[in-house]
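Quick note on the working numbering: the sequence shown kicks off at 2 and runs consecutively.
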Amino acid sequence: DKNFVPQGPIFPVVTTVAADFPSLVWDGSAWGLSWSDRRANPEEAVWFNRLSTVPAKLLALDVKLSGSESKNSQSSLVWTGAEFMAAWIGGNGPQYSVLLRRVDASGALLGTLRSFPANNYSRCHTTLVWTGSRPVLLRDDDLFAANSPVSLRMIACCSDRDGDGVSWCDGDGDDSDATIKPGAPEVCDGLDNDSDGSL
2 DKNFVPQGPI
12 FPVVTTVAAD
22 FPSLVWDGSA
32 WGLSWSDRRA
42 NPEEAVWFNR
52 LSTVPAKLLA
62 LDVKLSGSES
72 KNSQSSLVWT
82 GAEFMAAWIG
92 GNGPQYSVLL
102 RRVDASGALL
112 GTLRSFPANN
122 YSRCHTTLVW
132 TGSRPVLLRD
142 DDLFAANSPV
152 SLRMIACCSD
162 RDGDGVSWCD
172 GDGDDSDATI
182 KPGAPEVCDG
192 LDNDSDGSL
């Protein structure tokens, strides 16, 4: 509760294998949870599920977020207000990438697994943040190096469907019409041509 008093018993979410690097977010009605484990031994995969509060129980079968990489760990999960996004470190070594996956509000996978190369470093640690309009990756490029740099990277959360150079994440009011986007000339046609919220 708000006074940091534990409410109810401990609820084991993963019981058959050792699980690592859990990340937990609230979606307004339930918890989203990501973690890594080796149930597909020797592969270490990242998984997702939703968790109710009272009583505490998993709401579906675990969903595998990672692909065929042999090593996946250090997941970071966010809720955008409409869907979940998870980022983690994955690959087959000795170099690893930052991987990103979208999940809808019910726990079903959205789109494809995206990969962002982590330069030439052996391992890195990442934190995913939602700004209110797009995701941001905060990345430690080599967790074990003494001079390890930290970098920040903005990510486009969706594609530019109409090819006008602006996606709806960046303010395109209609991503199916290339004549509608921020900065476009406003004409008297009953449409919001410049995507400023007024006709």
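Where a beta carbon is used, it is the ideal one built from N, C-alpha and C, also for glycine. Source: prediction; values computed, not measured.
- Annotation for LEU101: the continuous beta strand (DSSP E) segment containing it runs 98 to 105.
- Between the region 83 to 91 and the region 54 to 65 there are fewer than three C-beta pairs closer than 8 Å, too few to call the two in contact.
- Less than 8 Å separates the beta-carbon of ALA57 from that of GLY9.
- By alpha-carbon distance to ALA41, the top candidate from SER69, ALA61 and TRP32 is SER69.
- Spanning the alpha carbons of LEU100 and SER30 requires a straight line of approximately 27 Å.
- Within 10 angstroms of the beta-carbon of ARG39 lie fewer than 16 other beta-carbons, which makes it exposed.
- Residue pairing by DSSP places GLY33 opposite VAL26 and ARG51 in a beta bridge.
- Spanning the alpha carbons of SER196 and VAL188 requires a straight line of approximately 12 Å.
- Following the DSSP letters along the chain, one finds PHE85 inside the beta strand (DSSP E) bounded by residues 84 to 92.
- SER177 carries a coil assignment under DSSP once its states are collapsed to helix, strand and coil.
- Taking 8 Å as the cut-off, the beta carbon of ALA88 is found closer than this to the beta carbon of LEU129.
- Residue range 72 to 80 is occupied by the beta strand (DSSP E) that includes SER77.
- Secondary structure at LYS65: strand, using DSSP grouped into helix, strand and coil.
- Beta-bridge annotation (DSSP): PRO136 is paired with TRP131.
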